[in-house]
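All the letters of the sequence shown, read from the start, carry residue numbers 8 to 129 under our numbering.
Below is one structure, written out as structure tokens; comments come after it.
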Amino acid sequence: MFDHVGLNVQDFERSRAFYQEALEPLGLKERAVFEESKSAGFGPEGKYGFWIVQREPYGTGTHVAFTAPDRAAVDAFHAAGVAAGGTDNGAPGIRERYHSAYYAAFVHDPDGNNIEAVCHSG
Numbered sequence: 008m009f010d011h012v013g014l015n016v017q018d019f020e021r022s023r024a025f026y027q028e029a030l031e032p033l034g035l036k037e038r039a040v041f042e043e044s045k046s047a048g049f050g051p052e053g054k055y056g057f058w059i060v061q062r063e064p065y066g067t068g069t070h071v072a073f074t075a076p077d078r079a080a081v082d083a084f085h086a087a088g089v090a091a092g093g094t095d096n097g098a099p100g101i102r103e104r105y106h107s108a109y110y111a112a113f114v115h116d117p118d119g120n121n122i123e124a125v126c127h128s129g
């Protein structure tokens with residue numbers, strides 16, 4: 008549905024380091040960086056669908072969910088996100104209120120945005 012999504016951040020280098028580490032277990036890496044505009048794009052090989060850019064206004068209430076290939080990747084995302092300076096906002100586990108196989112984890116990024124990794128299969 009979306010081609011790309013951008014998220015404003017307060018501190019580019021801090022957020023860049025967080026997303027480099029947190030998204031790596033999902034196979035998403037930094038694929039483009041523009042130092043002059045303090046922006047970076049992350050995605051799978053050959054793509055960059057998630058962007059961060061240092062600019063006002065930055066938010067603290069945005070929720071972005073990334074698809075994980077399996078439950079182990081959700082677990083690894085959560086661990087990497089917390090290790091990278093994020094704050095736990097929901098440990099890996101089933102969220103039956105969405106559906107019986109909805110396995111997700113949530114981490115607040117350095118600006119307080121709710122970043123999720125989700126796997127829809129067992």
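Backbone N, C-alpha and C fix where the C-beta goes; we use that ideal spot for every residue, glycine too.
Note that the structure is a prediction, hence the values are computed from the model and not measured.
Residue i CB to nearest heavy atom of the ligand SAM below 7 Å
{"i": "Ser107", "result": "In terms of ligand content, the structure shown is empty, and the ligand SAM therefore cannot be addressed."}
Residue j beta carbon less than 8 Å from that of residue i
{"i": "Ala91", "j": "Ala112", "result": "no"}
{"i": "Ala83", "j": "Val125", "result": "no"}
{"i": "Val114", "j": "Asn96", "result": "yes"}
C-alpha gap between residue i and residue j, whole angstroms
{"i": "Phe57", "j": "Gly50", "result": "6 Å"}
{"i": "Tyr26", "j": "Glu103", "result": "27 Å"}
{"i": "Arg38", "j": "Glu63", "result": "23 Å"}
{"i": "Ser107", "j": "Phe73", "result": "18 Å"}
Where residue i falls: helix, strand or coil (DSSP)
{"i": "Tyr26", "result": "helix"}
{"i": "Ala108", "result": "coil"}
{"i": "Ala91", "result": "coil"}
{"i": "Arg78", "result": "helix"}
{"i": "Leu33", "result": "helix"}
{"i": "Glu123", "result": "strand"}
{"i": "Arg21", "result": "helix"}
Residue nearest to residue i in terms of C-alpha spacing, selected from the options
{"i": "Ala60", "options": "Gln17, His115, Tyr109 and Asn120", "result": "Correcting the residue type first, residue 60 is Val in the shown sequence and not Ala. The candidate whose alpha carbon is nearest that of Val60 is Gln17."}
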